[in-house]
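Here the protein sequences come in this chain order: A and B.
Numbers in our numbering are just positions in the first sequence, counted from 1, shifted up by 29.
Numbers in our numbering are just positions in the second sequence, counted from 1, shifted up by 133.
Contents: one structure, followed by commentary.
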Amino acid sequence: MSRFKDTDMQAVIGWILRLGVLLSMSIIFIGGIIYLYRHGHIPADYHTFKGVPDFVHNAPGIFNGVITFRGRAIIQAGIILLIATPILRVVFSAIGFILERDYLYTGITILVLLIITASMLSGHAG
Amino acid sequence: MMSVIVLTLIIFIGSYFAGLLGSLTGLGGGFVIIPLLTLLLKVDIHYAIGASLVSVIATSSGSAAAYVREGITNIRLGMFLEIATTAGAMVGALIAVYIPTNFIAILFGVILITSAVMSLRKKAELINQEKNILAEKLKLNSSFPTANGPVAYSVKNVGSGFFMMLFAGVISGLLGIGSGALKVLAMDTVMRIPFKVSTTTSNFMIGVTAAASAVVYLQRGYIDPGLSMPVAIGVLLGALSGSKILVHTNSSGWLRWIFAIVVTFLATQMIYNGFAGKI
């Protein structure tokens, strides 16, 4: 088998981004239909900031919401997948650079992943 | 008070046009979405920032998929500068909580006007071939495909470009926009990268940058599913239509002017409401 090249990485990255957007947007759309069907006629209130309800705020809440077909929980799951898509792209780039034996860029890519992880943890603390 | 379904439909239609204009002008959908939600629909600016950020990830990832395959995007340059943009975005999202909302509105207006002015300036395509030691060490020099075969280019001022990306990241994290115009400015004028490469590479970086602040906003409850759903779907569909139109027409000059006028109007409204403390 020939060595992994930049063009192979381009193909893999393109594929991940396309699949991630397609999949997450479909999930958001399905969740949206359920949400509008159930809650379409209640008044909408976004005037003051109150955060989001618990069942779309933490992982167990979203999981329970998804298996009980709650529209907003399904949308939130889709949004999380969408946010994860470019991060997954970085993970696969790191693997690609390892396969290319480009250790400088393996390090740079891992540094980006560490920054995103730090951001995730600091958001939790705040 | 509006019902959920009416609000969703209004937001969906508005987001579609935001995505369309954002893609035709290269400014991105967030520039119209945030004023639409806050000024017209009186949505709290935190929710607006969260929803805009989600739409930014959708559109940039969708179009990056196409550009990456064409081989125009400089992946190494993007990865290297993402260190700066993600670190900046993290800082932006973390300080956003402590900054008064009216200041965020004013800053939004100022950045919006700056970006619109920059999108109107003439773009002269210069291919830099001067050697730069840091750029060579970091393997940033590359080539891109054209009708006359691949064209090689070199990257200049790596340090200052990196620093500007840090700033672009903070703005993106603070305001919930892609800040593509700032990224392109840094790559065009400072790093001397060919325009085609800088726009596609900027777009490539926007998704990761937005994700780095979205993980903070998600945990702070800024990303509301009911609001983000029509925004993300609308902006993505609008951007897709925009890219179809761009392929068929070349005369988007007048469109840029219309958009610049719309943008200036929205920006002054944001600044005015910010100073009046109405946002």
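Glycine included, each C-beta is placed from N, C-alpha and C at the ideal position.
Where does the unbroken alpha helix (DSSP H) through Ala217/B begin, and where does it stop? Segment Ile208 to Ala229, the alpha helix (DSSP H) holding Ala217/B.
Closer than 7 angstroms to chain A by CB, Ser136/B: yes
For Gly107/A versus Ile56/A, is the C-beta distance shorter than 7 angstroms? Yes, the Cβ-Cβ distance between Gly107/A and Ile56/A is below 7 angstroms.
Can you tell me the Cα-Cα spacing of Leu259/B and Thr322/B, whole angstroms? 10 angstroms
Roughly how many angstroms separate the alpha carbons of Asn265/B and Lys289/B, rounded to a whole number? 6 angstroms
Which residues mark the beginning and the end of the alpha helix (DSSP H) in which Ser188/B is found? Ile178 to Glu203
Counting Cβ pairs, one atom from each stretch, are 3 or more of them under 8 angstroms apart for the region 308 to 324 of chain B and the region 109 to 119 of chain A? no
Output, in chain order, the set of chain B residues within a Cβ distance shorter than 8 angstroms of Gly60/A. Pro358 and Met362
Please report the residue range of the beta strand (DSSP E) in which Ser305/B lies. Looking at the DSSP string, Ser305/B is not in any beta strand (DSSP E); the run it does join, the alpha helix (DSSP H), is Val291 to Leu308.
Hey, is Ala73/A's beta-carbon within less than 7 angstroms of any beta-carbon in chain B? By the rule that beta-carbons nearer than 7 angstroms mark a contact, Ala73/A touches chain B.
Exposed or buried, which one is Ala40/A when buried takes at least 16 other CB atoms within 10 Å? That one is exposed.
Could you name the residues of the region 255 to 286 of chain B whose beta carbon sits closer than 8 angstroms to any beta carbon of chain A, in the order they occur along the chain? Leu271 and Lys272
Given 8 angstroms, three or more beta-carbon pairs between the region 270 to 279 of chain B and the region 192 to 205 of chain B: In short, these stretches touch, since the Cβ pair count reaches three.
Could you tell me which residues DSSP puts in a beta bridge with Val284/B? Phe277/B
Nonlocal neighbours in the same chain, by C-beta distance under 8 angstroms from Val137/B, ignoring five residues either side: Gly359
Taking just the CA atoms, how far does Ala198/B sit from Lys377/B? 15 angstroms
Chain-ordered neighbours of Ala88/A on chain B, where CB pairs are closer than 9 angstroms: The contacting residues do not exist; Ala88/A stays about 11 angstroms from chain B at best.
Would you list the residues sitting across from Ser136/B in a DSSP beta bridge? Answer by DSSP bridge pairing, in chain order: Pro72/A.
Proximal residues to Met30/A (C-beta, below 6 angstroms), its chain only, five neighbours per side dropped: For Met30/A, the predicted model reports a pLDDT of 48, less than 50, meaning its position is unreliable; a value from the coordinates is still stated below. For Met30/A, where only same-chain residues beyond five positions count, there are no Cβ hits under 6 angstroms.
Just verifying my parser: in three-state terms, what is the DSSP assignment at Thr332/B? helix
Which word fits Val330/B, buried or exposed, when buried means at least 16 other C-beta atoms lie within 10 angstroms of its C-beta? buried
Mind reading off the beta-carbon distance from Ile208/B to Ala184/B? Whole number of angstroms is fine, and I expect it under 8 angstroms. About 29 angstroms separates the two Cβ atoms, so there is no contact after all.
Determine, for Phe78/A, whether the minimum Cβ-Cβ distance to residues of chain B falls below 7 angstroms. Cβ-Cβ to chain B under 7 angstroms: yes for Phe78/A.
Other residues of its chain near Phe300/B: CB distance less than 8 angstroms, five sequence neighbours each side excluded: Gly221 and Leu315
In chain B, which residues lie less than 9 angstroms from Tyr64/A when you measure between Cβ atoms? Val137, Thr141, Pro358, Gly359 and Met362
Within chain B, the residues that Arg101/A reaches when beta carbons sit closer than 9 angstroms: Asp357, Pro358, Gly359 and Met362
What are the boundary residues of the alpha helix (DSSP H) that Asn265/B is part of? From DSSP, Asn265/B is part of no alpha helix (DSSP H); its letter is neither H nor E.
At a Cβ threshold of 7 angstroms, is Thr97/A touching chain B? no
Using alpha carbons as the reference points, say which of Val189/B, Pro363/B, Arg254/B and Met212/B lies closest to Thr135/A. Met212/B
Residues of the region 332 to 349 of chain B whose Cβ lies closer than 8 angstroms to any Cβ of chain A, in chain order: Gly340, Val341, Ala343, Ala344, Ala345, Ser346, Ala347, Val348 and Val349
Val81/A (DSSP reduced to helix, strand or coil): coil
Give the range of the alpha helix (DSSP H) segment to which Arg101/A is assigned. Gly100 to Leu128
Can you pull out the residues from the region 42 to 57 of chain A whose beta carbon lies closer than 7 angstroms to at least one beta carbon of chain B? Ile42, Gly43, Leu46, Arg47, Gly49, Val50, Met54 and Ile57
Hey, is Leu140/A's beta-carbon within less than 7 angstroms of any beta-carbon in chain B? yes
Can you tell me whether DSSP reads Ser325/B as helix, strand or coil? The sequence given here has Arg at residue 325/B, not Ser. Three-state DSSP puts Arg325/B in coil, outside helix and strand.
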